[in-house]
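Presented below is the structure to which this report refers.
Rendered as structure tokens:
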């Protein structure tokens, strides 16, 4: 499925998506180890599952980039979010997931606007999965007594 021309902005979305997904892998992997060290095996298990999901997203993005004839390049890996307790870790995860969702939403809108249905569909599938993932984190936080956010602008940024 090699395209003769792909909009440079679409390539930018793919590169940023890869960077964010790989950052999420690192973050969840680190947090799983922290949870395990704190004696929270169920939290560690759930965070490891998140790691796998994010790795699968990164792999799909890499496959997409290769199919488009470009070399994968996740150029900005963020430091893992660490903290002293599970709630603070999950709040950091919620912020990262909100950023990923926002990126995919923007990419879908852009691709649709320029008539790039194929890449729009690709980003939309990731958007749907990450939106569900963000809701799961918010549900987990709610189960720990943290109120749900009504508006993404209410989220704390670290």
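Numbering (our numbering), first residue to last: 19 to 176.
The C-beta atom is built at its ideal place from N, Cα and C for all residues, glycine as well.
None of these values were measured; they are calculated from a predicted model.
Closest residue to residue i among the options (Cα-Cα distance)
i: residue 157; options: 41, 40 and 108; result: 108
i: residue 126; options: 142, 117 and 136; result: 142
i: residue 91; options: 99, 102, 77 and 98; result: 77
i: residue 57; options: 161, 121, 137 and 103; result: 103
i: residue 94; options: 35, 159 and 29; result: 35
i: residue 122; options: 52, 24 and 30; result: 30
i: residue 82; options: 152, 32, 27 and 100; result: 32
i: residue 55; options: 161, 96, 100 and 111; result: 100
i: residue 147; options: 46, 45, 72 and 111; result: 72
i: residue 45; options: 130, 153, 112 and 161; result: 112
i: residue 27; options: 124, 153 and 53; result: 124
Inter-residue spacing [alpha-carbon to alpha-carbon] between residue i and residue j
i: residue 41; j: residue 48; result: 11 Å
i: residue 173; j: residue 119; result: In this prediction, residue 173 has a pLDDT of 48, which is less than 50 and means its spatial position is unreliable; what the coordinates show is noted afterwards. Cα-Cα distance, rounded: 14 Å.
i: residue 163; j: residue 105; result: 9 Å
i: residue 84; j: residue 140; result: 14 Å
i: residue 137; j: residue 128; result: 10 Å
i: residue 114; j: residue 144; result: 15 Å
i: residue 134; j: residue 63; result: 38 Å
i: residue 38; j: residue 155; result: 17 Å
i: residue 60; j: residue 159; result: 14 Å
i: residue 166; j: residue 23; result: 43 Å
i: residue 69; j: residue 43; result: 5 Å
i: residue 89; j: residue 25; result: 15 Å
i: residue 50; j: residue 66; result: 6 Å
i: residue 98; j: residue 132; result: 35 Å
i: residue 175; j: residue 150; result: Residue placement at residue 175 is poorly supported in this model, since its pLDDT is 44, which falls under 50; the coordinates still yield a value, given next. One C-alpha to the other measures close to 21 Å.
Cβ-heavy atom distance, residue i to the ligand NAP, below 7 Å
i: residue 118; result: Although the ligand NAP was asked about, the structure shown includes no ligands whatsoever.
Continuous alpha helix (DSSP H) stretch holding residue i: start and end
i: residue 151; result: 135-161
Residue i in three-state terms, based on DSSP
i: residue 82; result: helix
i: residue 95; result: coil
i: residue 126; result: helix
i: residue 105; result: helix
i: residue 132; result: coil
i: residue 88; result: coil
i: residue 164; result: coil
i: residue 100; result: coil
Output the residue ranges of the alpha helix (DSSP H) runs that lie fully inside the region 23-58 and measure 4 residues or longer, sorted by chain position. Runs of the alpha helix (DSSP H) inside the region 23-58: 26-55.
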